[in-house]
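K.L.:
Got a structure for you, questions after.
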Amino acid sequence: MKELFNKENYLSSTFDGAKRKQSAIVTALLCVFFALSAFTFINALYAFVDAIGCIVSGSPDVAIKELLRSLPLILCFFMTLWTLLLIHGYYRNASPEKRQKSLKKNSIAILCFAGITILYVIVALIIGKFTSIVEGSPFPIYPLDTVLYSVVFATIGVCGLVVMPKMAAKHEYVVPSRGPIVTKARFFYCFGVSIWMLVALYGAAGFVTGLFIIDFFHGYLAFSIALMVVFLVDALSLICWELVYNKLKEEARKKLLLPLALVGLCVSVFAAGFYFIALGFNLDGPANVGFGVLPIAFSASVNIATLILVLTPVIASVIALIKGLILRKK
Amino acid sequence: MDIKAKLILLALVPLCLTSCGEKAFADHLDDYVFTMKYHDNFNILQLTDIHWNYNSSTVASRAYLDKVFAQVQRHLKEEQGENAKIDLVEITGDLFMLANTFHVETLVKYMEEKADEYGFLYAAVWGNHDHHGIYNPNWLSNQFKKAPHSIHIDEDDNLYGRSNFIINLTDDGSKTAATKWQLANLDSGASFSETAISPFRDYDYLRKDQTQWWKMEHDRVGVDVPAIAYYHIPQADNLKAWNAIHYEGATYKHKFFKLEGFGDNGNEAYASDFIKVGRENNLKGAFMGHAHNVDWTVDYDGVVIGLGVKTGTELYFAHVDAQSTKPEVQEGLASVGINENFDLIGASLVTLKDTVGNFDLEHLYLNERTSGDFVRWVKW
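One line per chain: the protein sequences are A and B, in this order. Yeah, the first sequence ends on 426 if you go by the numbering used here, and it's all consecutive. Yeah, the second sequence ends on 382 if you go by the numbering used here, and it's all consecutive.
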């Protein structure tokens, strides 16, 4: 594990000043868009979960009516997530042609999301779906806030189409993340990573939101702390993979995967154990202090959200452990 | 102390802290009590399950509530004379679900405006979804505690739930005067897991300590004082009464609609003793919400137990089809004397008639329609 702290094991050790700067900017952008994705994710989740509640309760008409009102909010999440994926995927591609193609394709997609959102709000205003551009709910200037947000992303899309290709022609791009994209069982790989990413977004949003909204007292301190630990582990699990493991050189990754997976497993099992013990003391804890950050578990009859949150980092660690053992045998 | 013992101690600290700062409810009974001046024809409007959420248009919802208040005020003046008004609004839970601070602040502001306009006070108890939002439960309580026309309390105590309080209706509105009616507001909780690894959750119920607390509060004003309770989740008694009537031949007076389950805990092990103890202690009525497609009310051995009419169109509500062949729809329609399609939304009104425990109950069905709103008042 000492090798984890050895700078020589990181790709950045081979970078010159310009490349290092570029790598830092990419990492910073990833962090910004991860945070924005987490924030918009919890908003979209709230809107979506309520609509599911309507359907489960036998009122699909109410679900449709409500989702149509919240569509700009949901589109804002997808355009943010798309941008996060664009930044993440773009720098992993070694081929300049593929990079340019990806940049063009994804910039158009972001422009489409932004355009549809703005157009939708205008049409909804004309037909009276919104009584005013600042009708309010869930935010004071909704839906104007989604329009402004879309304008920012439309600008990002335009930059992706116009500015970035010119810059790319001038500069050599670094590859801060793992180079080759997985080709074997790609569907399962992408599906698994997507779930892991959503759980990490949920964990990040839950942890930050939880700091403000979880009532740590009123008899629920142990449960509240355990819930925060689970959220933190969910977020850190993916963040470590992306910002530490993926930045290691190929040889270092082979050596360090097993010990990293073991640490991940210990931490996630500890978090799971702590959570279930604390829950044992506060069986009504999720409903009385945690539902604000557990919107999926909103129904009074399911614990599925907490199970997903608790088990995902454990599963991710087990998969990493298996892969680490295989790599070591090779 | 070895390292193992230190680690165990460290792990136990949070658990120990969970009970710090709580006060014993039995030593502070006065802290839970508000008073209002009683008069005959004291009108209590029950709103329930407003359910403001991320998808809600609070503009549309406020427009609907405007109509409810205006309709109730008009009705009271027609029935009781020009001076009649809504005295108290009881909001029996699920004001919010998947909401944020904007919704809470907007609703409190709205209720304050209406309280000024109509001259009422309002009291809210929490339902199973009110803590299901992007805000701290303490912050939520504080919004209702600090609003001038709101009656609310949230004590850090050893009493289960967070919105347990009493409104005593006294001769002159002071705490020292004789109490004529007592209104018990209880937090029926949200849900809980039976074990730490249960995949499913059970609806919560009124706990024994809440019954004990209410009885102590009631004993303080006198056993002869009639009482009405307001809370969110129906208890086992609603279903027991329904079954007694429909399967055992019982002849309790009953009325209105039951178009889905009551949404109670359903497990005999968690059946609350509140109604039983209430019956022995002059509890005249218990009104709740929770199941939006139900406003069925029954006089269950001397205690009128009923669900209020769901207020507004958020989340879900029943479209009552007059042509339906379903027995529960036909039974409800026959009981209210309506023979056209309508939605089961509106409000409920209790009028305290005298100080010996008599009260009237009416359900208002109010549907917004482009061709003119549908309005029906149905007496209990």
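Yeah, the Cβ is synthetic: ideal placement off N, Cα and C, and Gly gets one too.
Does the CB of Ser119 of chain A have a neighbour CB from chain B at under 8 Å?
P.N.:
Not closer than 8 Å to any Cβ of chain B, the Cβ of Ser119 of chain A fails to qualify, so no.
K.L.:
Shortest alpha-carbon distance to Phe344 of chain B belongs to which of B:Lys328, B:Phe319, B:Leu363?
P.N.:
B:Phe319
K.L.:
What ranges does the beta strand (DSSP E) occupy inside the stretch 241–308 of chain B, keeping only unbroken runs of at least 3 residues that lie completely in it?
P.N.:
285–290, 299–302
K.L.:
Could you check what DSSP says for Met38 of chain B in three-state terms: helix, strand or coil?
P.N.:
strand
K.L.:
Report the CB separation of Ser203 of chain A from Leu257 of chain A in whole angstroms; it is logged as a contact under 8 Å.
P.N.:
5 Å
K.L.:
If we define contact as Cβ-Cβ less than 8 Å, is Asn55 of chain B a contact residue for chain A?
P.N.:
yes
K.L.:
When you compare only the Cα positions, how much space is there between Ile168 of chain B and Phe258 of chain B?
P.N.:
28 Å
K.L.:
Indicate whether the contact test is met: 3 or more Cβ pairs, each with one atom in the stretch 398–414 of chain A and one in the stretch 232–250 of chain B, closer than 8 Å.
P.N.:
No, they do not touch.
K.L.:
Using C-beta distances below 7 Å, list every residue in its chain close to Asn240 of chain B, excluding the 5 sequence neighbours before and after it, in chain order.
P.N.:
Phe264, Asp266, Ile307
K.L.:
Please state the DSSP three-state secondary structure of His105 of chain B.
P.N.:
Annotated three-state conformation of His105 of chain B is helix, per DSSP.
K.L.:
Assuming Arg203 of chain B contacts Asn399 of chain A (C-beta within less than 8 Å), just tell me the rounded distance between them.
P.N.:
Distance from Arg203 of chain B to Asn399 of chain A at the Cβ level is roughly 6 Å; contact confirmed, criterion being Cβ atoms closer than 8 Å.
K.L.:
Does DSSP put Gln212 of chain B in a helix, in a strand, or in coil?
P.N.:
helix
K.L.:
In the DSSP assignment, what are the bridge partners of Lys1 of chain B?
P.N.:
Since the displayed chain B opens at 3 and closes at 382, residue 1 of chain B lies outside it and no answer follows.
K.L.:
8 Å is my cut-off, CB to CB: does Asp206 of chain B come that close to chain A?
P.N.:
yes
K.L.:
Can you pull the chain B neighbours of Cys150 of chain A, defined as C-beta to C-beta under 7 Å?
P.N.:
The contacting residues are Leu317, Tyr318.
K.L.:
Between A:Val414, A:Gly388, A:Ile415, A:Ile121, which has its C-alpha nearest Asn130 of chain B's C-alpha?
P.N.:
A:Gly388
K.L.:
Would you check if the stretch 308–326 of chain A and the stretch 127–143 of chain B touch, i.e. whether three or more CB-CB distances between them fall below 8 Å?
P.N.:
By the Cβ test, the stretch 127–143 of chain B is in contact with the stretch 308–326 of chain A, since at least three Cβ pairs between them sit closer than 8 Å.
K.L.:
Can you look up Arg282 of chain A in the DSSP assignment and give me helix, strand or coil?
P.N.:
helix
K.L.:
Since Ala383 of chain A is in the beta strand (DSSP E), which residue starts that stretch and which ends it?
P.N.:
For Ala383 of chain A, there is no enclosing beta strand (DSSP E), as DSSP marks it with neither H nor E.
K.L.:
Could you tell me the alpha carbon to alpha carbon distance between Gly280 of chain B and Ala273 of chain B, rounded to whole angstroms?
P.N.:
14 Å
K.L.:
Within 8 Å, do at least three Cβ pairs link the stretch 39–52 of chain B to the stretch 207–227 of chain A?
P.N.:
no
K.L.:
Taking all protein chains shown into account, do 16 or more other C-beta atoms lie within 10 angstroms of the C-beta of Arg165 of chain A, making it buried, or fewer, making it exposed?
P.N.:
Arg165 of chain A should be labelled buried.
K.L.:
Could you compute how far the alpha carbon of Thr136 of chain A sits from the alpha carbon of Ala383 of chain A?
P.N.:
In a straight line, the C-alpha of Thr136 of chain A is about 23 Å away from that of Ala383 of chain A.
K.L.:
Expressed to the nearest angstrom, what Euclidean distance is found between the alpha-carbon atoms of Glu119 of chain B and Tyr112 of chain B?
P.N.:
11 Å
K.L.:
What residue does the alpha helix (DSSP H) around Val259 of chain A start on, and which one ends it?
P.N.:
Counting along the chain, no alpha helix (DSSP H) covers Val259 of chain A, and no H or E run does either.
K.L.:
Using DSSP bridges, identify the partner residues of Asp32 of chain B.
P.N.:
According to DSSP, Asp32 of chain B bridges with nothing at all.
K.L.:
Give me the subset of the stretch 227–246 of chain A whose CB atoms are less than 7 Å from a CB atom of chain B, sorted by chain position.
P.N.:
Thr227, Glu231, Gly232, Ser233, Pro234, Phe235, Pro236
K.L.:
Using 8 Å as the limit for Cβ to Cβ distance, is Pro391 of chain A near chain B?
P.N.:
Yes - at least one Cβ of chain B is within 8 Å of the one on Pro391 of chain A.
K.L.:
What does Lys381 of chain B pair with, by DSSP beta-bridge criteria?
P.N.:
B:Glu364
K.L.:
Looking only at C-alpha atoms, which of B:Ala336, B:Phe27, B:Gly291 sits nearest to Ala192 of chain B?
P.N.:
It is B:Gly291 whose Cα lies nearest to the Cα of Ala192 of chain B.
K.L.:
Could you list which residues in chain B have their beta carbon closer than 8 Å to that of Leu379 of chain A, in chain order?
P.N.:
Phe194, Ser195, Glu196, Thr197, Ala198
K.L.:
Locate the beta strand (DSSP E) running through Trp183 of chain B, then write down its first and last residues.
P.N.:
Unbroken beta strand (DSSP E) run through Trp183 of chain B: 181–187.
K.L.:
Tell me whether Ile168 of chain B sits in a helix, a strand or coil according to DSSP, three-state version.
P.N.:
strand
K.L.:
Determine the chain B residues that contact Thr136 of chain A at a beta-carbon separation under 9 Å, and present them in chain order.
P.N.:
Here the premise fails: no neighbours, minimum Cβ distance about 12 Å.
K.L.:
In this structure, does DSSP put Tyr186 of chain A in helix, strand or coil?
P.N.:
helix
K.L.:
Is it right to say Gln237 of chain B is buried, meaning 16 or more other beta carbons lie within 10 angstroms of its own, or is it exposed?
P.N.:
buried
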